[in-house]
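Numbering (my numbering), first residue to last: 1312 to 1628. Working notes for the structure below.
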Amino acid sequence: MLYANKYYKKYRNNQNPMDLPLIKAHPSFQEIKDVLNGIPSGDHVWDLAGDEEKPVLNWLVGLVATNLEWIENVDEKEELLVIICQMIAERSGRMAAPTKVRTFVMNNSKEIRILEPSLTYDTLGFKTWGSAPLLSAHLPEWETPNPSLRALELGSGTGLLGISAAHQLGWQMVCTDLPEIVENMRHNVTENEDLIHENNGSMECHVLDWLNPPPDDDLPPWLSQPFQRIIASDCVYETHFGKIAIALFLKYLAKDGIAITEYPLRETHLDEIAEFEEGMQQAGFSRETGEEIGQEDFGSRYPITCRWSQWRYNRPQ
Ligand SMILES: C[S@@+](CC[C@H](N)C(=O)[O-])C[C@H]1O[C@@H](n2cnc3c(N)ncnc32)[C@H](O)[C@@H]1O
């Protein structure tokens, strides 16, 4: 992000942002720094087209390989190497990307800032996935603000969806995930506290492990009343996750409530999604649904179809 603004200035002025000096010519500290300032980073890391991106990565790697031997000032050399290595890491797949802060702009132009720590396969909730910003944008189109409405979110990850629902609709959000994820979610709640409360919304973060939910006869106070909405973004991606989600909806959703889901239609997970959707219908839910294009950014950025659904019980009691 540090570099994105300058890059955009150049980009808007239709200048070629990728004027890469020859490494063999031993460019100076300032020359290299100026070019680095023009390379997209942070939220904008995937802004270049593929054919522009490749020479940039090659140039960055080429610079590191020389260890910038011709730059004599040690502090200057180190400053450049830190930036260059960070830029290479950002381009080396989501698992290698360093901790970063991403900014999401809501329908009302307000910005939510989300801390995303480095990711491992055990901490998928450290990243905000493609369907969460799509659902954040839909909620105010589908729902009218209602500060008395309580909503549960399953697998909230970084908390973007919950924060945006509390802000845009004034909902009382109960956002949940695994213990290691909830800590970062709480951080993001603190960082966005003013937005969360601006329209009388609130957001609590709790541990709710789908594989080990609290016993029905000993529910914690935050889970003891049925919820009018349950939201889940990108939570159907492992065998049985669909079945588990359905069991949780049946347990915690009010009979006149709505379960709201959205997920990318990844080829690798179509069976799990079909199992979930059939299971929802068998459990007595019917839905309104639609598809739209979202962005997956796992390693590189590419478009992917996402399916949203609003599920209601067929026969409210
Ligand atoms: C693909 S991520 C989606 C995160 C977030 N909803 C989003 O769209 O950005 C799946 C989420 O489900 C959570 N999750 C996975 N297994 C879980 C479990 N057994 N109990 C609770 N949450 C779980 C992960 O920690 C992660 O936050």
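Note that the Cβ used here is the ideal one computed from N, Cα and C, for glycine as well.
- Inside the segment 1440-1507, DSSP marks whole beta strand (DSSP E) runs of 3 or more residues at positions 1461-1465 and 1483-1488, from first to last along the chain.
- Judged by the Cβ position, T1469 qualifies as a neighbour of ligand 1 at the 8 Å threshold, a heavy atom of the ligand being closer than this.
- A direct Cα-Cα distance of roughly 33 Å separates A1570 from A1408.
- A residue is called buried once 16 or more other Cβ atoms fall within 10 Å of its Cβ, and D1488 is buried on that count.
- Considering only L1359, N1418 and S1420, the residue with the shortest C-alpha distance to R1402 is L1359.
- According to DSSP, residue pairing for S1544 in a beta bridge involves E1573.
- With 16 or more neighbouring CB atoms inside 10 Å of its own CB, L1371 falls in the buried class.
- In terms of Cβ geometry, N1384 and F1415 do not form a close pair [threshold 9 Å].
- Cα atoms of L1564 and R1623: separation of roughly 10 Å, rounded to the nearest angstrom.
- Contact annotation: the segment 1426-1445 does not touch the segment 1514-1528, with fewer than three C-beta pairs closer than 8 Å.
- Of all alpha-carbon atoms in E1502, Y1613 and D1362, the one lying nearest the alpha-carbon of R1424 is that of E1502.
- S1442 and S1475 do not touch by the CB rule: their CB atoms are close to 13 Å apart, not below 8 Å.
- In this structure, the beta-carbon distance from M1398 to S1352 falls below 9 Å.
- Contact between I1557 and A1585 is ruled out by a C-beta separation of about 13 Å, above the 8 Å threshold.
- Pairing H1580 with R1540, the inter-Cα distance amounts to about 25 Å.
- Here DSSP, grouped into helix, strand and coil, assigns V1356 to coil.
- Between V1346 and the set L1426, L1333, G1473 and K1411, the nearest pair of CA atoms involves L1333.
- Annotated three-state conformation of W1533 is helix, per DSSP.
- Listed in chain order, the non-local C-beta contacts of R1413 below 8 Å within the same chain comprise G1353, D1354, R1424, I1425, E1427 and T1439, local neighbours out to five positions each way being set aside.
- In the DSSP annotation of this structure, the continuous segment of the alpha helix (DSSP H) that includes G1590 starts and ends at L1581 to Q1593.
- Between H1449 and W1381, the CB-CB gap reaches or exceeds 9 Å.
- When secondary structure is reduced to three states using DSSP, E1401 falls in the helix class.
- In this structure, ligand 1 has a non-hydrogen atom nearer than 8 Å to the beta-carbon of T1434.
- By the CB criterion at 9 Å, G1553 and E1583 fall inside the cutoff.
- The beta carbon of W1533 is closer than 8 Å to those of V1485, E1515 and H1517 in its chain, skipping five residues each way along the sequence.
- E1342: member of the alpha helix (DSSP H) spanning F1340 to G1349, first to last residue.
- Checking the DSSP bridge columns, you'll see Q1621 partnered with I1571 and E1599.
- If the five residues before and after N1625 are omitted, its C-beta is found closer than 6 Å to the C-beta atoms of G1595 and S1597, all from its own chain and listed in chain order.
- Of all alpha-carbon atoms in E1387, L1392 and E1363, the one lying nearest the alpha-carbon of L1374 is that of L1392.
- For L1559, the enclosing alpha helix (DSSP H) covers residues F1552 to Y1563.
- Sequence-distant Cβ neighbours of E1364 in its own chain, meaning closer than 6 Å and more than five residues away, do not exist here.
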